[in-house]
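Enquirer: Those protein sequence lines, which keep their order, are chains D and B. Just so you know, we're using the working numbering here: the first sequence kicks off at 44 and counts up by one. Just so you know, we're using the working numbering here: the second sequence kicks off at 16 and counts up by one. A virtual CB, placed ideally from N, CA and C, is assigned to each residue, including glycine. Shown below is the structure under consideration.
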Amino acid sequence: MSLEWMSDAPSPFSKVLVANRGEIAVRVLQAAKEAGLSCVAVFSESDSSSLHVETADEAVLLEGDTLEMTYLNGGSIIEAARSTGADAIHPGYGFLSERSDFASAVEAAGIRWIGPSAHAIETMGDKISARSLMIESGVPVIPGEQVPVEEGADHLGALASAAAKVGYPLLIKASAGGGGKGMRSVSVPKNLRSEFEAAAREASAAFGDGTVYIERLLKRARHVEIQVLCDSHGGAIHLNERDCSLQRRYQKVIEEAPSPAVSPGTRDAMGHAAVTAARSVGYVGAGTVEFLLASNGEFFFLEMNTRIQVEHPVTEMTTGIDLVQKQFEVAAGLPLGISQQEVSQNGHSIEARVYAEDPSRGFLPSVGELAVWRPPSGPGIRVDSGVREGDSVTIEFDPMLAKLIVHAPDRRSAIRRLDNALSSFVVLGVRTNIDFLRNSLSHDAFQGGSIDTDFLDSTDPSELSGPEPDHHTLVAVAAAAQRLGIDRQQVAGTESVDDHTGHQGDPFRTLGRTFP
Amino acid sequence: MEWSVPDRQERYKASLQGGEGPVSITSLTRDGTEVSIPETSVEAEGKPSRVTVTVGGEAKLAHVTRTGDTWWIHMDGRAHEVLFHEQGSKASANEGSLKAPMPGTVLQVMAKEGQRVREGQHLMTLEAMKMEHKILAPKPGGITKVHFSEGDRVDMGSSLVEIGD
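So this is what it looks like as structure tokens:
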């Protein structure tokens, strides 16, 4: 296929290696194929039959048992690009996507990096340098105290005095943290030590860096973020906001665009602040500037994510702009080709993250085989997923199974569409949060658009539990299914056979007998 | 055979009729006592894991499948589990023991043998998926046994801590 869109590009490429796994790898690999590019996947041993490997034109095994040896192994990934002739690398999100040393190494190897410069990643990735730069650029930041915490030294003295100045409740954040890992709230001084230690441990386990800093915890605030797109010619626009206030322990659960709490005036001001933030680091590519929106309408810079976001689809649905395609174009040196005035906002989109986790057991990750996996489909329904029926879910990787995204003319109808799609999303064999998502959606506070980021953590679990199931009918169905041999029907071509005793239809067959 | 639902102690027995076509439930007992249920029958749809369930004259589609001793049922927009037991098997042994909800690594151990704990007290921290999970006491009592120490790997279902009265 000839690449019309690439023909005028100053720095063209033709083969993209995707340094990731799961749904985002599938999403980027598909986008590459649609754009007429060849694509290469990398995978660990346990992912050898994963969907992302199947989706790619070629795939390279990353040997080793740990993430450090596989998806976090920049050297092996660059070698995989070299050996397959890939001339560009897309990092997805997580893993190496926000590692400036990896971005530098990719460029140094003569391979195009589909992302912002190492300088931008490094500046925004360090929460302290990002904060100072925002203050300099006039972007509002959260009231807080910077605490330089030296590795190995006595952290607690410095931390405790800074904490006293900032005031409780406060947040301890690992400087290298993200995605809820390495972030802990502390409501009273006596918990400072244990929460600090937990944050430092999580951050060093997940990101290999144990440095932390603290800031005031704003109560009753919403998480609203702005998608930005910048090219290498000085073009910078924003694609409006996403509201990600429905969070559990700082992990986003449901995201939507537009935000029910953002007025046109706030949108303009936030969008302007986000573009200013991006310009201040010479940002190139797709990025997200996260803000906390206080109940009085004030907003504060939280952080900038220098990569594609998990929740990018809600922006794609409402603006009609394919963000991954734009990442390819910008990386090839092409101009954005869209002005701020041309960015439209069409209808309402909501994304729900379907996790393999068990809400009845404190949201512990659940494992097992996806014995039945039937994602919903229909008008205005999009499912981004990296798994398929029969796949095993292990604790080796992130428990997100799929993102279910809906698009509808307005928020009310989007909520109804999402609820209906969730109700027909059949996942058996692994416990998921699908019921919990439905219960959250139907809660008055979410329906009314009045939640804040504490909503899920501060709401009585009984308000988020569904109707009590009819145990009698369920037992009856299970017993009947066993009699019908439904489990054995799965084997292609075999009929339901009773190979134990009695004959089919004998009402006494199961009474008082034990079957193997 | 007997049946139960997760997190409940009650044991059910079902009597069935049919098999070549629809299977109907002729009676259902809970802990030996007959419970009245609406007329219920289940028919295979001829497609893997799909059945038609008719309850009190109302027919609906359900998805069912079995993994190990668990029957998974998706009906009326929600997924459920029903557990299958051989007749007479004991209810969950080791009442008061805390089992690892998932495989992982023990990060911290707060519980000491002989210690009195209150309900909800933090006993142990497990790490899995790079996230920390607190293991809390499900009831007040005395710690009779701590099975693991910091740094140990635990399998799903391993007994972590035992609490007596």
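Between the stretch 423-433 of chain D and the stretch 444-454 of chain D, do three or more beta carbon pairs fall short of 8 Å?
Expert: Yes, they touch.
Enquirer: Thinking C-beta only, is B/VAL79 closer than 7 Å to B/THR55?
Expert: Contact flag unset, no.
Enquirer: Would you tell me roughly how many angstroms separate the C-alpha atoms of D/GLY423 and D/LYS369, rounded to the nearest one?
Expert: If you take the alpha carbons of D/GLY423 and D/LYS369, they lie about 22 Å apart.
Enquirer: Here's the rule: buried if 16 or more other CB atoms are within 10 angstroms of the residue's CB, otherwise exposed. What is D/ASP51?
Expert: Exposed: under 16 other Cβ atoms inside 10 Å.
Enquirer: Work out the CA separation of D/THR331 and D/GLU298 for me, nearest whole Å.
Expert: Their backbone Cα atoms lie some 14 Å apart in a straight line.
Enquirer: Would B/MET117 pass as an interface residue toward chain D - the criterion being a Cβ-Cβ separation below 7 Å?
Expert: Closer than 7 Å to some Cβ of chain D, the Cβ of B/MET117 qualifies, so yes.
Enquirer: Please determine, among D/THR113, D/ILE269, D/SER237, D/THR361, the residue with the shortest C-alpha to C-alpha distance to D/ARG350.
Expert: The residue with the shortest Cα to Cα distance from D/ARG350 is D/ILE269.
Enquirer: Starting from the Cα of B/SER174, find the closest Cα among B/SER30, B/LEU141, B/THR85, B/GLU147 and give me that residue.
Expert: With distances taken between Cα atoms, B/SER174 lies closest to B/LEU141.
Enquirer: So what does DSSP say about D/VAL324, is it helix, strand or coil?
Expert: Correct three-state label for D/VAL324: coil.
Enquirer: When the distance is taken between beta carbons, is D/ALA201 closer than 7 Å to D/ALA242?
Expert: Result no, Cβ atoms of D/ALA242 and D/ALA201 do not sit closer than 7 Å.
Enquirer: Could one say the Cβ of D/ILE529 lies closer than 7 Å to chain B's Cβ atoms, at least one of them?
Expert: At least one chain B Cβ lies under 7 Å of D/ILE529.
Enquirer: Is the separation between the beta-carbon of D/ARG199 and that of D/GLU258 shorter than 7 Å?
Expert: Rather than Arg, the amino acid found at residue 199 of chain D in this sequence is Leu. Result no, Cβ atoms of D/LEU199 and D/GLU258 do not sit closer than 7 Å.
Enquirer: What is the rounded straight-line gap between the Cα of B/ALA152 and the Cα of B/ILE158?
Expert: Roughly 10 Å between the two C-alpha positions.
Enquirer: On a CA-only basis, which of D/GLY328, D/PHE334, D/PRO303, D/VAL296 is nearest D/ALA312? Give me that one, please.
Expert: With distances taken between Cα atoms, D/ALA312 lies closest to D/PHE334.
Enquirer: Are the stretch 477-492 of chain D and the stretch 410-417 of chain D touching by the rule of at least three beta carbon pairs closer than 8 Å?
Expert: No contact exists between the stretch 477-492 of chain D and the stretch 410-417 of chain D.
Enquirer: Keeping to the same chain, check which residues put their C-beta closer than 6 Å to that of B/ALA29; ignore five residues upstream and five downstream.
Expert: ILE40, LEU43, listed in sequence order.
Enquirer: Check D/GLN525 in the structure and name its three-state DSSP category.
Expert: Looking at D/GLN525 - three-state DSSP - the assignment turns out to be helix.
Enquirer: Note down the Cα distance separating D/GLN533 from B/THR82, rounded to an integer number of angstroms.
Expert: With a pLDDT of only 47 at D/GLN533, under the threshold of 50, the placement of this residue in the model should not be trusted; the figure read from the coordinates follows. Each residue's Cα considered, the two are about 12 Å apart.
Enquirer: Taking the C-alpha atoms as reference points, what is the distance between D/ALA62 and D/ASN348?
Expert: So the two alpha carbons sit approximately 17 Å from each other.
Enquirer: Check for me: the alpha helix (DSSP H) holding D/VAL367 runs from which residue to which?
Expert: Per DSSP, D/VAL367 belongs to the alpha helix (DSSP H) from 366-374.
Enquirer: So, are the CB atoms of D/ALA123 and D/LYS58 less than 7 Å apart?
Expert: For D/ALA123 and D/LYS58, no; Cβs fall outside 7 Å.
Enquirer: CA-CA distance, D/LYS76 and D/ALA99?
Expert: Computed Cα separation, rounded: 9 Å.
Enquirer: I want to verify the contact list: residues of chain D whose CB lies under 8 Å from the CB of B/HIS95, in sequence order.
Expert: In chain order: PRO512, LEU517.
Enquirer: Check the DSSP bridge columns for B/ALA94 and list the partner residues they point to.
Expert: BP columns for B/ALA94 point to B/HIS89.
Enquirer: Taking the straight line between their C-alpha atoms, what separation do you get for D/GLU284 and D/ASN482?
Expert: In a straight line, the C-alpha of D/GLU284 is about 25 Å away from that of D/ASN482.
Enquirer: Identify whether B/VAL121 lies in helix, strand or coil by the three-state DSSP scheme.
Expert: Here B/VAL121 sits in strand by DSSP.
Enquirer: By the 10 Å Cβ neighbour count, where 16 or more other Cβ atoms means buried, how is D/ALA105 classified, buried or exposed?
Expert: Note on identity: in this sequence residue 105 of chain D is Leu, with Ala being the wrong assignment. The residue is buried, with at least 16 neighbouring Cβ atoms inside 10 Å.
Enquirer: When the cut-off is 7 Å and only beta carbons count, does D/SER87 lie next to chain B?
Expert: Taking Cβ atoms only, chain B never reaches closer than 7 Å to D/SER87, which makes this a no.
Enquirer: Is it buried or exposed, B/MET90, if we count other Cβ atoms within 10 angstroms and call 16 or more buried?
Expert: Under this definition B/MET90 is a buried residue.
Enquirer: What residues in its chain sit with their C-beta under 6 Å from that of D/PHE371, if we drop five residues either side in the sequence?
Expert: So the qualifying residues of the chain are ALA78.
Enquirer: Looking at the structure shown, is D/LEU517 part of a helix, part of a strand, or coil, going by DSSP?
Expert: Of the three classes helix, strand and coil, the one that applies to D/LEU517 here is helix, per DSSP.
Enquirer: Less than 7 Å between CB atoms is the rule here; does B/SER64 satisfy it with respect to chain D?
Expert: Chain D, which has a Cβ nearer than 7 Å to the Cβ of B/SER64, makes this yes.
Enquirer: Counting C-beta neighbours from all protein chains within 10 Å, is the total for D/GLU179 16 or more, i.e. buried, or is it exposed?
Expert: Result: exposed.
Enquirer: Could you check what DSSP says for D/HIS95 in three-state terms: helix, strand or coil?
Expert: Looking at D/HIS95 - three-state DSSP - the assignment turns out to be helix.
Enquirer: Determine, using beta carbons only, whether B/ILE88 comes closer than 7 Å to chain D.
Expert: At least one chain D Cβ lies under 7 Å of B/ILE88.
Enquirer: By alpha-carbon positions, which one of B/ARG168, B/GLN32, B/SER19, B/MET16 ends up nearest to B/VAL124?
Expert: Comparing Cα positions, the closest option is B/ARG168.
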